[in-house]
Amino acid sequence: MSKKQEGGAPSSSLSISRPLFWIFILSFSFFIFLSLSPLSSKKKATDQKLRRNLFSLLSMASSIPFYITHRNNIDHEGIHNIYLEVEVPTGLTQTQLKAIAQKIVHDIIQKEECYSISVDFGKYGYVEFKPTTPSQSLSALNNLENYSFTYIFY
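Below, the structure is given as structure tokens:
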């Protein structure tokens, strides 16, 4: 007594094609994963290099005293900006002021997300940390490739 199958593929070919389909999908996914994993490690290395370049004077700031006298959070249409007034000792060089600004910005972006940070040194000048393209949409600071420091000293 054999059962007669009407139309379509025989049942044996269906049982083979399903596992082959899944093997193909899993193999394809594995190859995609393998091809993308070096990119992620390259991106991490690029991010670390970018952070080193952006915050190259960070170690110098640990020996320089400064005091944040005023902080103003400016939120406009979902964009979070930070404005700081900083008191520093007299006689600092521009490199030392840059180091202080880098330390302040580095410490802030470790704790919170924002669009831009402005550091006002009063009679010595100010520093802005913001995207290089002003029309750029809001982005978290963990992606720093579009950000840069602008130093204005008097």
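Heads up: the sequence shown at position 94 corresponds to 606 in this note's numbering, and the numbers run straight through without jumps.
For every residue, glycine included, the Cβ atom is placed at its ideal position computed from N, Cα and C.
In the same chain as Asn584, and ignoring 5 residues on each side of it, the C-beta atoms closer than 6 Å to its own belong to Tyr595, in chain order. Around the beta carbon of Ser630, 16 or more other beta carbons sit within 10 angstroms, so the residue counts as buried.
Boundaries of the beta strand (DSSP E) harbouring Leu596: 591-599, taken from the DSSP string. Per DSSP, Lys615 lies in no beta strand (DSSP E); the unbroken alpha helix (DSSP H) holding it starts and ends at 606-623. Assigned with DSSP and collapsed to three states, Asn565 falls in helix.
Judged by DSSP in its simplified three-state form, Tyr636 adopts helix.
Bounds of the beta strand (DSSP E) holding Tyr659 are 659-665. Boundaries of the beta strand (DSSP E) around Asn585: 579-588. Arg530 and Phe543 have their C-alpha atoms some 20 Å from each other. The way I'd put it, the region 617-630 doesn't touch the region 599-609; fewer than three beta-carbon pairs between them come closer than 8 Å. Cβ neighbours of Tyr638 within its own chain (closer than 7 Å, five residues either side excluded): Ser630, Val631, Asp632, Ile664. Restricting attention to Asn655, Ile612, Thr644, the CA atom closest to the CA of Ser571 is found in Ile612.
Shown here for Tyr659: same chain residues with a beta carbon closer than 8 Å to its own, the five before and five after excluded, namely Leu566, Phe641, Lys642, Pro643, Thr644, Leu653 in chain order. Bridge pairing for Ser628: Asn593 [DSSP].
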